[in-house]
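Trainee: Taken in sequence, the protein lines are chains A and B. Just so you know, numbering that gives the first Met the number 0 puts 95 at position 96 of the first sequence, and the rest follows in order with no gaps. Just so you know, numbering that gives the first Met the number 0 puts 231 at position 232 of the second sequence, and the rest follows in order with no gaps. The C-beta atom is built at its ideal place from N, Cα and C for all residues, glycine as well.
Number of protein chains: 2
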Amino acid sequence: MTDGHTQDGHATGRAVTIVEVARHAGVAVSTVSYVLSGKRAISADTRRRVLDSVRTLGYHPNAGARALASKRANVIALVLPLRAGMHVPVLMRFATSVVTAARHFDHDVLLLTADEGLDGLRRAAASALVDGLVLMDVELDDPRVPLLRRLAEPSVLIGFPADSAGVTCVDLDFAAAGELCVAHLAERGHHEVALLGAPSVVYERGTGFARRTLEGFTTALAEHGLDGTALPCEETFDEVHATVSGLLAARPGLSGLVVHNEAAVNHVLSSLRQLGRKVPQDLAVVAICPDDIAEPARLTSVLIPAEEVGREAVGLLMEKLAGRTVPPATLLVPRLTVRAST
Amino acid sequence: MTDGHTQDGHATGRAVTIVEVARHAGVAVSTVSYVLSGKRAISADTRRRVLDSVRTLGYHPNAGARALASKRANVIALVLPLRAGMHVPVLMRFATSVVTAARHFDHDVLLLTADEGLDGLRRAAASALVDGLVLMDVELDDPRVPLLRRLAEPSVLIGFPADSAGVTCVDLDFAAAGELCVAHLAERGHHEVALLGAPSVVYERGTGFARRTLEGFTTALAEHGLDGTALPCEETFDEVHATVSGLLAARPGLSGLVVHNEAAVNHVLSSLRQLGRKVPQDLAVVAICPDDIAEPARLTSVLIPAEEVGREAVGLLMEKLAGRTVPPATLLVPRLTVRAST
DNA sequence: CCCGCTAGTCGAAGCGTTTCGACGCTCTCA
DNA sequence: TGAGAGCGTCGAAACGCTTCGACTAGCGGG
């Protein structure tokens, strides 16, 4: 407490270096390094002495020096979008799960925003700031994909571009999710159902997950012999209300609704309340959305497993960093939770 | 194109180093460094030659080496919370504005989550991974504050702890925001108003902004001679609905509502719709929330200037990094936008 | 005419790690 | 009993950059 060190062993002044640890433990610098990395056998006694010194001196390896010598920054980049039609809370859950998973592998996460564009990726990669990249919200025709293919650093995409050759992708199997919802409604005895999807701008942009849900929905309709329709759905109450009342008017036989739009879910429910339709008596509703939205509203839902996707993405990236080959596509199987709305 | 370099000058193989640039330009390594940093005078001719070489070779300085030699990582940490009662979209806007602002100063952003706790901060700081820290969602009695005071690395808080001595804080002036709302309602001729605030858990946690809004609200009530009450407000529709109908029943004279809870705003409006109260005829509503919520709902609001706060925080941090002293507290003045709800 | 500047450049010494090769032990097995 | 194989440790060479001090010209002032 009197020598510039605080109680918890944290130096407030100049940082402790590996040389001081080595001196304190009476060993060579390289020995300290090997104790810490475990890359060579070390006697139990030496290890203990070194570890003690590390603790009492409050040593933390210097990240820059480590990166320079080992050619590994132990940092991965997370590239987040910030655009129309993305549900932000889900994004955040992805982000936290990526951070948490990365920490498990002793890596940190550098935050890049998509609006820095290609240059941002190039810079981060070329300067060895990061060892690898995780990208979110990939579009069908994403300009970043060709760049990633050329980069020396490995990367993992969350979502699928149209041409996914040469890149690694992870996502929820949205087609299966769409099918699952229809199957559930069919099982419950419904004959006429509808899909309320993402805002039209999302379809136009060609974002993969919206289309794939639609495909799964359509396929399952045929499979189960149901009658059905699909509509895009905007995100303000008034627009949702217009869509919903239009839909109900046009299809009086409608008894099941699949909603794949996190931001609109609550508006849909408000709208039905206002139109006097009871859920699930008059209309069964199943949503494809994160649990934190479905749970309070007591909605039967296929959850978007943000945590799992993030963890998986990081896991794959670590495999690639270790030089192992990984499957180019990973589809996470959807799971449906039955609640009060069906 | 045939020598391991792609068209845009990006090396796909081993990275270009400053030595190669120096050789290519026919100057010393140090000269290249000085050209790039501008820390010493360089003749126009030499500068041009070096810059040309940089471009044609596609040189990017190695971040680790740079950090090691200069003792500056050019990275700042952004510590994000992920807890009950925080409105995530706002968080994201803070985050992006921090990233954008940091890039303006040629810095990158390392993402730390609050659940890594004190160790995360210590680690990032002690390993020289980052040069400084920006923390969000500071609580009144935040355990991180004492640690920050002891850290060699400068930091900036978004929000105010109870004891802000020795730390630098930025935030919207929520007291002023509360006052502003009341003043606006008073001006519109209302005599009895209410504040619907954050979920009770947020008050109990002692988060500063919730309390400060309440203080401003109360102060302004007295100032303008209004009658008023304040309630916490949960975030599911049913709870909001209960709170709102209870409030209206208890206070028949109520004609103005201040809502300071982003997640509940839309539920409040749904609830009023369902209760048959017209906005603004029967009840004027003014919200303290981000524009992306107020705008589509046509709500009169005091916006939470996420971009501005983030930019300001980074600006202050950069000042501190440059060794200059900065004001310990920065309060951003709120501005009210009149829309259709009052 | 010499001194002291400044502008422009260079060489070399770090910065704090990791990692490679070498060395001395102690075992084992032939 | 001597060769070979580990094990445990050390020393030193990178890693790619910044920065300090030194040096050379060229120039104005005394």
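Can you name the residues that DSSP bridges to residue 112(B)?
Mentor: 79(B)
Trainee: Shorter than 8 Å from the beta carbon of residue 317(A) to some beta carbon of chain B?
Mentor: no
Trainee: Determine, for residue 87(A), whether the minimum Cβ-Cβ distance to residues of chain B falls below 8 Å.
Mentor: yes
Trainee: Quick one: grab the DSSP three-state call for residue 101(A).
Mentor: helix
Trainee: Return the CA-CA distance between residue 338(A) and residue 288(A), expressed in angstroms with no decimal places.
Mentor: Straight-line spacing of the CA atoms in residue 338(A) and residue 288(A) works out to 13 Å.
Trainee: Taking C-alpha atoms, which residue in 62(A), 318(A), 25(A), 70(A) lies nearest to residue 51(A)?
Mentor: 25(A)
Trainee: What is the rounded straight-line gap between the Cα of residue 220(A) and the Cα of residue 178(A)?
Mentor: 8 Å
Trainee: Residue 149(A) to residue 292(B), Cα distance in whole Å?
Mentor: 41 Å
Trainee: Determine the chain B residues that contact residue 356(A) at a beta-carbon separation under 8 Å, and present them in chain order.
Mentor: There is simply no residue 356(A) to check, as chain A begins at 0 and stops at 341 in what is shown.
Trainee: Under 8 Å between the Cβ atoms of residue 128(B) and residue 110(A)?
Mentor: no
Trainee: Quick one: measure Cβ to Cβ for residue 343(A) and residue 225(A), integer angstroms, because I've assumed they're closer than 8 Å.
Mentor: Since the first residue of chain A shown is 0 and the last is 341, residue 343(A) is not available in this structure.
Trainee: Apart from the five residues just before and just after residue 271(B), which ones in its own chain have a Cβ nearer than 7 Å to its Cβ?
Mentor: 243, 278, 282
Trainee: In chain order, what residues of the same chain have a beta carbon less than 7 Å from the beta carbon of residue 172(B), not counting five sequence neighbours either side?
Mentor: 330, 331, 332, 333
Trainee: Tell me the residue span of the alpha helix (DSSP H) that contains residue 178(A).
Mentor: 173 to 186
Trainee: Would you list, in chain order, the members of the segment 244 to 268 of chain A that have their beta-carbon closer than 8 Å to a beta-carbon of chain B?
Mentor: 265, 266, 268
Trainee: At what residue ranges does the segment 255 to 336 of chain B contain a whole run of the beta strand (DSSP E), taking only runs of 3 or more?
Mentor: 255 to 258, 283 to 287, 299 to 301, 328 to 331
Trainee: Kindly say whether residue 156(A), judged by its beta-carbon, lies nearer than 8 Å to any beta-carbon of chain B.
Mentor: No, because no Cβ of chain B sits closer than 8 Å to the Cβ of residue 156(A).
Trainee: How about residue 313(B) and residue 97(B): do their beta carbons lie closer than 8 Å?
Mentor: yes
Trainee: Note down the Cα distance separating residue 117(A) from residue 131(A), rounded to an integer number of angstroms.
Mentor: 15 Å
Trainee: Could you check whether residue 137(B) and residue 195(B) sit closer than 8 Å to each other, using their CB atoms as the reference points?
Mentor: no
Trainee: Going by C-alpha to C-alpha distance, which of 233(A), 316(A), 189(A), 65(A) sits closest to residue 284(A)?
Mentor: Cα-wise, what sits closest to residue 284(A) is 189(A).
Trainee: So, helix, strand or coil for residue 228(B), using DSSP?
Mentor: strand
Trainee: If you compare alpha carbons, which of 197(B), 202(B), 175(B) is closest to residue 217(B)?
Mentor: 175(B)
Trainee: Would you mind telling me which residues of chain B sit closer than 7 Å to residue 45(A), beta carbon to beta carbon, in chain order?
Mentor: What residue 45(A) touches in chain B: nothing, since even the nearest Cβ is about 24 Å away.
Trainee: Rounding to the nearest angstrom, what Cα-Cα distance links residue 222(A) and residue 255(A) in this structure?
Mentor: 16 Å
Trainee: Kindly list, in the order they appear in chain B, the residues whose Cβ is closer than 9 Å to that of residue 115(A).
Mentor: 98, 99, 102
Trainee: In this structure, what does DSSP give as the bridge partners for residue 214(A)?
Mentor: None, per the DSSP bridge assignment.
Trainee: Along the chain, where does the alpha helix (DSSP H) that runs through residue 191(B) open and close?
Mentor: Looking at the DSSP string, residue 191(B) is not in any alpha helix (DSSP H); the run it does join, the beta strand (DSSP E), is 191 to 195.
Trainee: Using DSSP with H/G/I as helix, E/B as strand and the rest coil, what is residue 17(B)?
Mentor: helix
Trainee: Considering residue 34(A), what are the terminal residues of the alpha helix (DSSP H) in which it resides?
Mentor: Per DSSP, residue 34(A) belongs to the alpha helix (DSSP H) from 28 to 36.
Trainee: Can you find a C-beta in chain A that's less than 8 Å from the C-beta of residue 23(B)?
Mentor: no
Trainee: Taking one C-beta from the segment 196 to 203 of chain A and one from the segment 231 to 245 of chain A each time, how about it: are there three or more such pairs within less than 8 Å?
Mentor: yes
Trainee: Specify the secondary structure class of residue 238(A) as computed by DSSP and reduced to three states.
Mentor: helix
Trainee: Can you tell me whether residue 137(A) is helix, strand or coil according to DSSP?
Mentor: Residue 137(A) falls in the coil class under three-state DSSP.
Trainee: Out of 192(B), 295(B), 104(B), which one is the CA nearest neighbour of residue 252(B)?
Mentor: 192(B)
Trainee: I'd like to know if residue 60(A) contacts chain B, where contact means its C-beta is closer than 8 Å to some C-beta of that chain.
Mentor: yes
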